[in-house]
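Below: one structure, written as structure tokens.
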Amino acid sequence: MQFRTIVSPHQLNSRWGRRIYWLVLVSVLVLFTLAFVFPLYWMVTGALKTPEELAQMPPTFVPADPTPDAFFEAWDLFDIGTLLANTGYYALGGWIVCMAVDVSAAYALSKLRPMFGNVILGMMLATLMIPAMVVLIPLYVTVVDLGLLNNPWALWLPAAANGFNIFLLKRFFDSIPRELIEAAEIDGAGPVRILRSLILPISRPILGVVSIFTIVTSFKDFVWPLLVMTDSDKMTISVGLSQTAGAVTQNQVMGGLLITSIPMIIVFFIFQRHIMAGLTAGSIKG
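Taking this note's numbering, I'd label the letters of the sequence shown as residues 38 to 323.
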């Protein structure tokens with residue numbers, strides 16, 4: 038069976054066809070790379086400029102006299118050490134709670150097969166279609182009624198049940214052969230033992246992906262922490278930077294943003310292979 042395309046294989050294999058193909062491919066890759074990398078470059082160079090040079094019009098793309106003073110000033114002015122410690126604590130707690138809830142739910146839907154399991158999964162996935170801003174007010178009222186303002190549980194509990202994470206985990210668990218579960222049951226292992234000793238060790242790739250998504254979300258979230266963590270000594274890094282940004286210079290803001298971006302950049306470069314491996318691992322049965 039042949040598939041018709043805009044450019045035929047004969048034209049593509051010709052000398053000019055190959056040249057045009059590589060020209061278009063390289064151009065698209067360069068444009069997309071610049072679109073993603075340029076904001077990071079502008080943040081780095083902006084932090085190295087003086088306030089006067091940063092406000093200069095037209096802007097300069099290379100600092101005339103680069104200086105790292107903005108980084109040290111931003112660390113002290115924003116109290117970045119405290120903000121990073123708070124955010125790291127919230128991210129760790131949120132990861133533990135999220136993994137406990139999402140792994141249990143996905144395991145139950147995939148292997149324990151409860152009554153109306155497909156309906157329950159469909160309802161979970163339907164929550165992904167609801168904009169986050171729609172449930173913001175009911176969620177905030179609930180947190181206030183429970184007395185959880187300025188409490189880490191106000192961040193951990195709403196993020197615990199994540200329909201997308203449950204779908205990813207269930208999809209991977211479905212790919213684990215049923216014969217392994219049955220062999221463990223014959224040996225006398227119960228559902229909890231099977232989950233702990235069999236399912237979780239096999240599922241390390243997808244667990245890594247869900248962990249990365251959860252931690253990155255905790256670091257970049259802004260609106261919800263702004264509402265529920267109002268004490269200055271309990272703010273997250275995104276909220277803390279926004280609260281102080283109006284009282285400092287723009288190059289100091291750039292320096293603070295760059296410092297707070299470093300942890301997530303490191304996480305990405307370390308685990309970038311695991312992200313794709315985990316997302317595609319559950320697509321193969323057997």
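Glycine residues also receive a C-beta, built at the ideal position from the N, C-alpha and C atoms.
Out of L264, T104, A226, which one is the CA nearest neighbour of I174?
Locating residue 174 in the sequence shown gives position 137, where the first residue counts as 1. Nearest of L264, T104, A226 to I174, Cα basis: L264.
Give every residue of the same chain whose Cβ lies closer than 6 angstroms to the Cβ of T297, excluding the five residues on either side of it in the sequence, and list them in chain order.
Position 260 of the sequence shown, counting from 1, holds the residue named residue 297. Excluding residues within five positions, the ones whose Cβ falls inside 6 angstroms are I274.
In chain order, what residues of the same chain have a beta carbon less than 8 angstroms from the beta carbon of L11, not counting five sequence neighbours either side?
Nothing can be reported for residue 11: it is not among the residues displayed for the chain, which extend from 38 to 323.
Go ahead and label T70 buried or exposed: buried means 16 or more other beta carbons lie within 10 angstroms of its beta carbon, across all protein chains shown.
If you number the sequence shown from 1, residue 70 lands on position 33. Around the beta carbon of T70, a 10 Å sphere encloses fewer than 16 other beta carbons of the protein chains shown; the residue is thus reported as exposed.
With a 10 Å radius around its C-beta and 16 neighbouring C-beta atoms as the bar for buried, classify N147 as buried or exposed.
Along the sequence shown, one-based indexing puts residue 147 at 110. Per the sequence presented here, residue 147 reads as Ser, with Asn not at that position. With 16 or more Cβ atoms within 10 Å of its Cβ, S147 is classed as buried.
One question on the structure: do A143 and L206 come within less than 8 angstroms of each other, judged by their Cβ atoms?
For the purposes of this step, residue 143 is identified with residue 106 of the sequence shown, where counting begins at 1. For the purposes of this step, residue 206 is identified with residue 169 of the sequence shown, where counting begins at 1. Yes, they are a contact pair.
Check for me: the alpha helix (DSSP H) holding M161 runs from which residue to which?
As a position in the sequence shown, residue 161 is number 124, starting the count at 1. From DSSP, the alpha helix (DSSP H) with M161 extends over 154–163.
Taking the alpha carbon of P228 as the point to measure from, which residue in A169, S141, L60 has its own alpha carbon closest?
Locating residue 228 in the sequence shown gives position 191, where the first residue counts as 1. Residue S141 holds the alpha-carbon nearest to the alpha-carbon of P228 among A169, S141, L60.
What is the rounded straight-line gap between the Cα of L114 and the Cα of E89?
For the purposes of this step, residue 114 is taken as the residue at position 77 of the sequence shown. For the purposes of this step, residue 89 is taken as the residue at position 52 of the sequence shown. L114 and E89: Cα-Cα distance of roughly 19 angstroms.
Exposure label - Y127; buried when at least 16 CB within 10 Å
Walking along the sequence shown from the start, residue 127 turns up at place 90. Looking at its Cβ environment, which holds 16 or more other Cβ atoms inside 10 Å, Y127 is buried.
Check whether K86 and P100 have beta carbons under 8 angstroms apart
Taking the sequence shown and counting its residues from 1, the one referred to as residue 86 is at position 49. Taking the sequence shown and counting its residues from 1, the one referred to as residue 100 is at position 63. In contact: K86 and P100 (Cβ atoms closer than 8 angstroms).
So, helix, strand or coil for N202, using DSSP?
Position 165 of the sequence shown, counting from 1, holds the residue named residue 202. In the structure shown, the three-state DSSP call for N202 is helix.
Short of 8 angstroms in beta carbon distance, which residues of its chain neighbour T267, apart from the five on each side in sequence? Order them along the chain.
The residue labelled residue 267 in the question sits at position 230 within the sequence shown. Taking C-beta separations shorter than 8 angstroms and ignoring five residues to either side along the sequence, the partners of T267 in its chain run L186, N187, following chain order.
Taking Cβ positions, are A196 and V180 nearer each other than 8 angstroms?
Numbered from 1 along the sequence shown, position 159 holds the residue referred to as residue 196. Numbered from 1 along the sequence shown, position 143 holds the residue referred to as residue 180. Judged by their CB atoms, A196 and V180 are not nearer to each other than the 8 angstroms cut-off.
Determine the direct distance from the alpha carbon of Q93 to that of D139, and round the result to whole angstroms.
Here residue 139 corresponds to residue number 102 of the sequence shown, with the count starting at 1. Here residue 93 corresponds to residue number 56 of the sequence shown, with the count starting at 1. CA-to-CA, the gap between D139 and Q93 works out to about 50 angstroms.
Would you check if the region 161–173 and the region 276–289 touch, i.e. whether three or more CB-CB distances between them fall below 8 angstroms?
Judged by Cβ distances under 8 angstroms, the region 276–289 makes no contact with the region 161–173, as fewer than three pairs qualify.
Would you mind stating whether I213 and I236 have Cβ atoms separated by less than 8 angstroms?
As a working note, residue 213 is residue 176 in the sequence shown. As a working note, residue 236 is residue 199 in the sequence shown. For I213 and I236, yes; Cβs fall inside 8 angstroms.
Continuous alpha helix (DSSP H) stretch holding A226: start and end:
Within the sequence shown, numbered from 1, the residue matching residue 226 stands at position 189. Where A226 is concerned, there is no enclosing alpha helix (DSSP H), given that its DSSP letter is neither H nor E.
Quick one: is G323 buried, meaning 16 or more other Cβ sit within 10 Å of its Cβ, or exposed?
Residue mapping note: residue 323 aligns to position 286 of the sequence shown, counting from 1. Its pLDDT being 42, under 50, G323 is placed unreliably by the model, and nothing is read from it.
Please tell me whether S248 and W132 are closer than 8 angstroms, where the distance is taken between their beta carbons.
Here residue 248 corresponds to residue number 211 of the sequence shown, with the count starting at 1. Here residue 132 corresponds to residue number 95 of the sequence shown, with the count starting at 1. Cβ atoms of S248 and W132: closer than 8 angstroms.
Rounded C-beta distance between L120 and M291? I'm assuming under 8 angstroms.
Reading the sequence shown from its first residue, position 83 is the one you call residue 120. Reading the sequence shown from its first residue, position 254 is the one you call residue 291. L120 to M291, Cβ: 16 angstroms. No contact.
Kindly indicate which three-state DSSP category Q93 falls into: helix, strand or coil?
Here residue 93 refers to the residue found at position 56 of the sequence shown. Q93: coil per DSSP, three-state reduction.
State the CB to CB distance for the pair I117 and G293, rounded to an integer number of angstroms; the pair is presumed to be in contact (CB under 8 angstroms).
Counting from 1 along the sequence shown, the entry for residue 117 is found at position 80. Counting from 1 along the sequence shown, the entry for residue 293 is found at position 256. A Cβ-Cβ distance of about 6 angstroms is found for the pair I117 and G293, placing them in contact under the 8 angstroms criterion.
Given this structure, state the Cα-to-Cα distance separating T55 from L66, to the nearest angstrom.
Translated into the one-based positions of the sequence shown, residue 55 becomes position 18. Translated into the one-based positions of the sequence shown, residue 66 becomes position 29. It should be noted that the sequence gives Arg, not Thr, for residue 55. Between R55 and L66, the alpha-carbon positions lie close to 16 angstroms from each other.
Leaving aside the five residues before and after L91 along the sequence, list all residues of the same chain whose C-beta is less than 6 angstroms from its C-beta, in chain order.
In the sequence shown, residue 91 corresponds to position 54, counting from 1. The residues are G83, Q287, N288.
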